[in-house]
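Residue numbers (the numbering used here): 14 to 308.
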């Protein structure tokens, strides 16, 4: 039994934005893989829903004229993984969302819903943060472009206003060009499980493949929200590919995170994972970029 009050089904983006304006308390229903569970548990009893599921204009992955990758928010996880543009330019994002739930969830769940939920364990979030994604937030009053780095405010809370809908996720060309990434999800099981910790790294190497031109690293479940480790990034940029680099990244990551203990793992174990996954994801990213750690 799904105990909700009213379901509004939008037939266009314009209608969806109008409904958001008229019913700011209503929840936006995309794939529904999270909301329906909460409804069945009675946690959202009596709520109003605005369904945008039928809005195909909010699905798909496109290349814009300036080389920006445009990901529409209703694109399913399986649609992300299989899309040629993702495979060619940012395959790590497909690899990350391919670790969400099982096939049924990946076929119905959406990348927009994954990040708008605001949970720190969202498998897409750390990779999108590590690629400097920009969010397009639309309302009847206009469009607001917000760096994803500023979207998560606190656990489960994001900077999405009551009259707004996420209408696009953009990754600039400079963020993915000549860049190779790797995502590691540590969980108790390999499928149908929430991450105990997630780590996404991407690197751009110098032309001679001997040092780091740019490294970016982000974590899930290492803080109340998905987080970038700017300390690790700063210590890595310009560094030669050696074991000292891995030590600096691991230690830098530890200085930025603030994991907690839960029934899934103790804080101390998560800190161990932060350092170890940072090292492993960095090595894998460097090897994908054609480099090799020396020493």
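We put the beta carbon where it would ideally sit given N, CA and C, even for glycine.
Computed from a prediction, not measured in an experiment: that's the story for all the values here.
Separation of residue j from residue i, as counted between CA atoms
i: residue 260; j: residue 110; result: 28 angstroms
i: residue 275; j: residue 24; result: 42 angstroms
i: residue 291; j: residue 22; result: 43 angstroms
i: residue 132; j: residue 140; result: 14 angstroms
i: residue 88; j: residue 264; result: 36 angstroms
i: residue 123; j: residue 129; result: 10 angstroms
i: residue 95; j: residue 212; result: 22 angstroms
i: residue 36; j: residue 126; result: 19 angstroms
i: residue 151; j: residue 272; result: 33 angstroms
i: residue 42; j: residue 26; result: 13 angstroms
i: residue 237; j: residue 167; result: 7 angstroms
i: residue 197; j: residue 99; result: 18 angstroms
i: residue 48; j: residue 282; result: 31 angstroms
i: residue 60; j: residue 210; result: 32 angstroms
i: residue 173; j: residue 162; result: 13 angstroms
i: residue 31; j: residue 118; result: 29 angstroms
Sub-7 angstroms separation of residue i and residue j beta-carbons
i: residue 256; j: residue 224; result: no
i: residue 176; j: residue 85; result: no
i: residue 114; j: residue 205; result: yes
i: residue 195; j: residue 294; result: yes
i: residue 134; j: residue 44; result: no
i: residue 298; j: residue 214; result: yes
i: residue 144; j: residue 286; result: no
i: residue 107; j: residue 93; result: yes
Residue i, enclosing alpha helix (DSSP H) - first and last residue
i: residue 293; result: 280–301
i: residue 237; result: Careful: residue 237 lies outside any alpha helix (DSSP H) and carries neither H nor E.
i: residue 139; result: 138–143
i: residue 231; result: Counting along the chain, residue 231 falls outside any alpha helix (DSSP H), though it belongs to the beta strand (DSSP E) covering 225–233.
i: residue 107; result: 104–110
i: residue 306; result: It is not in any alpha helix (DSSP H) - residue 306 carries neither H nor E in the DSSP assignment.
i: residue 78; result: Note, residue 78: premise wrong, no alpha helix (DSSP H); not H, not E.
Exposure of residue i, with buried meaning 16 or more beta-carbon neighbours within 10 Å
i: residue 53; result: exposed
i: residue 239; result: buried
i: residue 75; result: exposed
i: residue 91; result: buried
i: residue 235; result: buried
i: residue 347; result: Outside the modelled stretch of the chain, which goes from 14 to 308, sits residue 347, for which no answer is possible.
i: residue 190; result: exposed
i: residue 112; result: buried
i: residue 19; result: exposed
i: residue 63; result: buried
Candidates the options: closest to residue i by CA position
i: residue 4; options: 56, 182, 48 and 101; result: Lying outside 14 to 308, the shown extent of the chain, residue 4 is not represented and no answer is given.
i: residue 184; options: 102, 60 and 283; result: 102
i: residue 245; options: 269, 237 and 31; result: 269
i: residue 78; options: 35, 186, 209 and 152; result: 186
i: residue 221; options: 304, 120 and 174; result: 304
i: residue 165; options: 277, 142 and 202; result: 142
Host beta strand (DSSP E) of residue i (start-end)
i: residue 167; result: 165–167
i: residue 182; result: 178–184
i: residue 262; result: From DSSP, residue 262 is part of no beta strand (DSSP E) but of the alpha helix (DSSP H) over 256–269.
i: residue 41; result: 40–42
i: residue 152; result: 147–152
i: residue 197; result: 193–199
Below-7 angstroms beta-carbon distance, residue i vs any chain B residue
i: residue 208; result: No chain B appears in this structure, which consists of one protein chain only.
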